[in-house]
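**Student:**
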Amino acid sequence: MSELLIRNACVIDPLNGINGEIMDISIRDGRIVEEVSGNAQVIDAAGCLTLPGGVDSHTHVCGTKVNFGRYMSPEDMRAGRTARNGCMHVTSGYSVPTTFGNSYRYSNMGYTTLLEGAMAPLEARHTHEEFTATPHQDMMANTLFDGNWAIMEAVRDKDVRRTAAVVAWYLKAARGFAIKLTNPGGTEAWGWGEDVSGIHDTVPNFEVTPAEIIGTMIRANEVLRLPHSVHLHCNNLGVPGNYQTTLDTIGLVPDLNKTRQSLYLTHVQFHSYGGTTWRDIDSKSEEICKAVNNTPQVTIDMGQIMFGRTTTMTADGPMEFKLYMLHRNKWSNHDVELETGSGIIPVYYFRKSMVNCVMWAIGLELALLTKNPWQCLLSTDNPNGAPFVKYPEIIALLMSKKLRDQECALLEPRTEHHVPLFAIDRELDWNEIAIMTRSAQAKALGIRDIGKGHLAPGAEADVAIYPLKTSEIDPSTQYQQVIAGFSRTKFTIKRGRVVSRNGEVIVDGANSTIWVKPKVPEEYNLSNDPDFVRKFQEYYTVRMSNYPVQDVYLPRGVCIETEADL
Amino acid sequence: MRIEDVICPFCGCLCDDLVVEVQGTTVVSVENGCTLAHEKFTGDNRLQAPIKRDGRTWHPVSYDEAIETTAQILLEADRPLLYGWSGTNGEAQSIGVHLAELLGAVIDNTSTVCHGPSIMAIQEVGHPGCTLGQVKNRADVIVYWGANPIEAHPRHMSRYTTYADGFFVKGAFLERKVIVADVRETETSNIADEFMHIEPGGDYAVLSALRAIVRGKADIIPSYVSGVAREQLVRVAEMCMNAKFGAIFFGLGLTMSRGKYKNIRNAVELTEELNRFTKFTISPMRGHWNVYGSNEVFTWISGYPFAVDFARGIAFYNPGETTSIDILRRGECDACLVVASDPGAHFPKQCCRHLAEIPTILIDPHVNVTTHLSHLQIPVAVTGIDSEGTAYRMDGVPIRTRMLYKSRYPSDREILEKIYQIVLKEKGP
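Protein chains in written order, with our numbering: chain A, 962 to 1527; chain B, 603 to 1031.
Pasting the structure below:
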């Protein structure tokens, strides 16, 4: 039995309605409990800000394309190197750090749970191998279905039940967590070098539209009773005028779930552009936020960009090629048979570029114009908008109008006429930041019930103690302290164990991988479906028996079993 | 016992549809495999026990002694090199990288003498690729450049390209066009629709000529480019531009001939330019069954796919300096651990001579040329036969190889883990 007592913590725990109370937190065997014995190890939080461990609900840290981002970028690897130190392994990389680099840096910022944003089922084994080497965070994987042939066939047949059965089979085989759609239909079209340009375009050869894929998958998701909703990267990412596609998509969403959203739209900054070309691009954050405010069944994340160097990587292969045609740096692409695509290019976001400035403003606007912080989560679509180590700066920008004004003064001068940011006065408070960085993520992902994102007895003892005294700091003027405080915890506690202290990781990690297994009736088990099996054997290049990820890849797997409504 | 869907641990095709008959600890028959697979499974002559060199003779030693000796040699070395890795599984490779990190060693894999130049080109210009099933289901034009799959990757054409029917290509043999570029006639060039017979060293120029034609500058092409007629170049460029989906596969004929990584860069840029007209992909024909796995594992742990030097604590990468050939040629390394490969058969003489002069340890199931340069050899189980683990196919698809029977040998993972633990005791926190 191991016990830990955190004394004098200034706790913000939004899921339990606690906002800045000084209290003690008791931990036994990795869980929060009512009280501990006198033998417990004691940590004095000394009135510092204490939050549930951070949860990132959309980040790219593990798997085929992430590793290819490293592989093709020695220049990025040498931009962030640390030597072996104590129990910390060597790390390399700035925008795409090595797995240990990701894990240590997230841990130092108080993050204990991550959702990898995109995993192709065929390459799931790779993602799980890297999860094991990201030892300080519990990991989950969004599983890509955007160009899945069996899904598109079921959608074409308007068969929600079969769609659900296909999802169930793949989630189980890939040990995935949730349904991810990246440019639905577009990645299949990219198999021929084409794309779709709106949600009502027809996907070549499959006679379905993105709207039909999204709509059917939202319903299939609820049939399977999955913890998370469909997680969508909308069509037309990064295209001037694309906000209309985003609005059309939000307009599709039925309200099917009482405990969370029915659709999660990710990195919405990249999907909120007005105008018709790069010259007249403008922010449509007001229109998007109006729709979000009126549609409680959707949740979005920001996808903030920050100026400087980073690497873009996504399953959205056609988008990356368009981006490459603009940047002409280097381009990698990796299409995955029967399933999806992917692309990678390095980018530099410039303050001298009006387009980049508009993008920067839109991300902040989304967070400031969405009324309910539970509906807009903090993200950079790491590393697409910026590496996650920039989160503290984003927090400071959201909390301080003064800092925003300072930054706005440095933007390309035309920006002011293209964005509403300059006129927005709202400053977020500590509670809202806590919501946007962990609690809302846990709710949106449906992992509150397994003890994530809050600190009530029974919860997992994942705790972040920041060197910030909220009563003594005015974030609207003392933003440098806010940045420093959120960059480095005093203590990060993972499952009841102090794993990181003052910016140094002090123990070897032992994370879990959380995955979802929907239980379907035998007649919906596609392993017995002759048509599914025949097509699998004919069109995949891996045998069906060699396809599923074996148990050995999840040494500490946590399976959420759901009872499908089939 | 008959085992289906067995994965072949020979080449980068990583075929996973073999049917293998096992009796006790012997593979007696292999169905679906190529000649190479058959030989790998059935012609399996193992070294019986660890052996240590004693002057001009060898004597057997225990595993414990062999492990202890290896750890001590590595601990005593100033500039140890850990080389090979392509013939073992990802789990063993992972221990290897952590061992190198702990020792401050250089770790390198066989890419250093095969597709290292491809990686360097990719680091300059990227890599528009895809999984092999994309090619099988869609491609109507296939290009083999400096590669002879019929002999080196015998089932590549039947499983993934020329003869493989796919979703959009029902009659592959009739519908697909095959273009071969090589400096000599090969079995593969004999079945090509177009064979560009290039003068040795002329690949770069031919690629440049094709790029010029694709960019609309056919008029500047001379009547012959490195032995290839202008008419043929125009024909080939048009076949590519008119393809619905084209796929280039290149081999060591392109990576290791004159121009090296610049050849690959040119080929990648040709692919990129073709993507402005249609869909085109390019992929290296990786040799060892898990050489791509060694690149992947090295990368997620250290940040670099090969030639990683931990001497200064951080991971440092500079091909030409931290690559095995260069370190050995300079006589720089003072101990070498070779795992699952055979540098003795592939490295220049000067490097082999140095390997013979320093304490070289070989962890490999079989006696090979490197045995004769080594001081110690530790035989282990063969991944995919009597040991299991992760492998990455040439297109990055990870597959778990199978253990067909229980081995009487330890796996290389177990041996490396024990060496690691001894070193950790000395060097750990």
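Note that beta-carbon positions come from the ideal geometry of N, C-alpha and C, so glycine has one too.
Does the structure place the region 1042–1058 of chain A close enough to the region 1364–1376 of chain A that three or more beta carbon pairs sit under 8 Å?
**Tutor:** Below 8 Å, too few C-beta pairs join the region 1364–1376 of chain A and the region 1042–1058 of chain A to call them touching: fewer than three.
**Student:** Any beta-carbon of chain A closer than 8 Å to the one on B/PRO662?
**Tutor:** no
**Student:** What does the Cβ neighbour count give for A/ASN1507, buried or exposed, with the cut at 16 atoms within 10 Å?
**Tutor:** buried
**Student:** Which residues does DSSP pair with A/PRO1307 in a beta bridge?
**Tutor:** Bridge partners of A/PRO1307: A/THR1272.
**Student:** For A/THR1043, go through chain B and note every residue whose CB falls closer than 8 Å to its CB, in chain order.
**Tutor:** ILE916
**Student:** List the residues that DSSP assigns as beta-bridge partners of A/ARG1462.
**Tutor:** BP columns for A/ARG1462 point to A/PHE1452 and A/GLU1465.
**Student:** Check whether the region 1020–1040 of chain A touches the region 980–987 of chain A, taking contact to mean three or more Cβ pairs, one atom from each stretch, closer than 8 Å.
**Tutor:** With fewer than three CB-CB distances shorter than 8 Å, the region 1020–1040 of chain A does not count as touching the region 980–987 of chain A.
**Student:** Please classify A/ALA1007: is it buried, with 16 or more other beta-carbons within 10 angstroms of its beta-carbon, or exposed?
**Tutor:** exposed
**Student:** Does the beta-carbon distance from A/ALA1085 to A/THR1301 come in below 8 Å?
**Tutor:** No, Cβ-Cβ distance for A/ALA1085 and A/THR1301 is not below 8 Å.
**Student:** Reducing DSSP to helix, strand and coil, say where A/PHE1061 ends up.
**Tutor:** helix
**Student:** Does the region 1330–1349 of chain A come close enough to the region 1019–1039 of chain A to have 3 or more Cβ pairs within less than 8 Å?
**Tutor:** yes
**Student:** At a CB distance below 9 Å, what residues from the region 1509–1524 of chain A approach chain B? Give them in sequence order.
**Tutor:** VAL1510, GLN1511, VAL1513 and TYR1514
**Student:** Would a check of beta-carbon distances place A/THR1301 closer than 8 Å to chain B?
**Tutor:** With a threshold of 8 Å between beta carbons, A/THR1301 makes no contact with chain B.
**Student:** Assuming contact is defined by CB atoms lying nearer than 8 Å, are B/VAL1025 and B/LEU705 in contact in what I supplied?
**Tutor:** yes
**Student:** Under 7 Å Cβ-Cβ, which residues of chain A neighbour B/TYR906?
**Tutor:** PRO1035 and MET1038
**Student:** From which residue to which residue does the alpha helix (DSSP H) around A/GLY1030 run?
**Tutor:** 1025–1032
**Student:** Under the three-state reduction of DSSP, which class applies to A/THR1088: helix, strand or coil?
**Tutor:** Looking at A/THR1088 - three-state DSSP - the assignment turns out to be helix.
**Student:** Could you list which residues in chain A have their beta carbon closer than 7 Å to that of B/LYS951, in chain order?
**Tutor:** The premise fails here: B/LYS951 is roughly 30 Å from chain A at the closest Cβ pair, so nothing lies under 7 Å.
**Student:** Around the C-beta of A/ALA1125, are 16 or more other C-beta atoms found within 10 angstroms, so that it is buried, or is it exposed?
**Tutor:** Buried, by the Cβ-count rule.
**Student:** Taking the alpha-carbon of B/LYS772 as reference, which of B/PHE643, B/TYR746, B/HIS700 and B/ALA741 has the nearest alpha-carbon?
**Tutor:** B/ALA741
**Student:** Are the Cβ atoms of B/HIS799 and B/GLY614 separated by less than 8 Å?
**Tutor:** no
**Student:** Tell me which same chain residues have a C-beta within less than 6 Å of the C-beta of B/ALA651, skipping the five on either side of it?
**Tutor:** Taken in chain order, the residues that qualify are PRO662.
**Student:** Name the chain A residues that come within less than 9 Å of B/GLN725, Cβ to Cβ?
**Tutor:** TYR1032, MET1033, SER1034, PRO1035, GLU1036 and LYS1291
**Student:** What residues in its chain sit with their C-beta under 7 Å from that of A/SER1064, if we drop five residues either side in the sequence?
**Tutor:** THR1095, PRO1096, HIS1097, GLN1098 and GLY1470
**Student:** Quick one: which chain B residues come within Cβ less than 9 Å of A/ASP1366?
**Tutor:** Contacts between A/ASP1366 and chain B, judged by CB atoms closer than 9 Å, are missing: the closest CB pair is about 38 Å apart.
**Student:** Check the C-beta distance from B/ASN711 over to B/GLY686 and give it rounded, since I have them as a contact under 8 Å.
**Tutor:** 7 Å
**Student:** List, in order along the chain, the chain A residues whose C-beta lies closer than 7 Å to that of B/VAL999?
**Tutor:** LEU1083, GLU1084 and VAL1503
**Student:** Could you pull the DSSP bridge partners for A/GLU1421 from this structure?
**Tutor:** A/ARG992
**Student:** For A/VAL1003, count the other beta carbons within 10 Å of its own beta carbon; 16 or more makes it buried, fewer makes it exposed. Which is it?
**Tutor:** Counting of Cβ neighbours within 10 angstroms places A/VAL1003 among the exposed residues, the total staying below 16.
**Student:** Answer yes or no: do B/GLU1054 and B/PHE912 have a C-beta to C-beta separation smaller than 8 Å?
**Tutor:** Coverage of chain B is limited to positions 603 through 1031, which leaves residue 1054 of chain B absent and any answer about it impossible.
**Student:** Name the DSSP bridge partner or partners of B/PHE797?
**Tutor:** Looking at the DSSP assignment, B/PHE797 forms a beta bridge with B/VAL782.
**Student:** Please give me, in chain order, every unbroken run of the alpha helix (DSSP H) with length at least 4 that falls completely inside the region 1094–1134 of chain A.
**Tutor:** Restricted to the region 1094–1134 of chain A, the alpha helix (DSSP H) segments that are unbroken, complete and at least 4 residues in length are 1110–1117, listed in chain order.
**Student:** Check whether the Cβ atoms of B/TYR762 and B/ALA774 lie closer than 8 Å to each other.
**Tutor:** no
**Student:** Starting from the Cα of A/ASN1109, find the closest Cα among A/GLU1091, A/GLY1152 and A/GLY1071 and give me that residue.
**Tutor:** For A/ASN1109, the closest of A/GLU1091, A/GLY1152 and A/GLY1071 by C-alpha to C-alpha distance is A/GLY1152.
**Student:** Are the beta-carbon atoms belonging to A/THR1273 and A/VAL1316 less than 8 Å from one another?
**Tutor:** no
**Student:** Give a yes or no on contact between the region 1066–1077 of chain A and the region 1265–1280 of chain A, applying the rule of three or more CB pairs nearer than 8 Å.
**Tutor:** no
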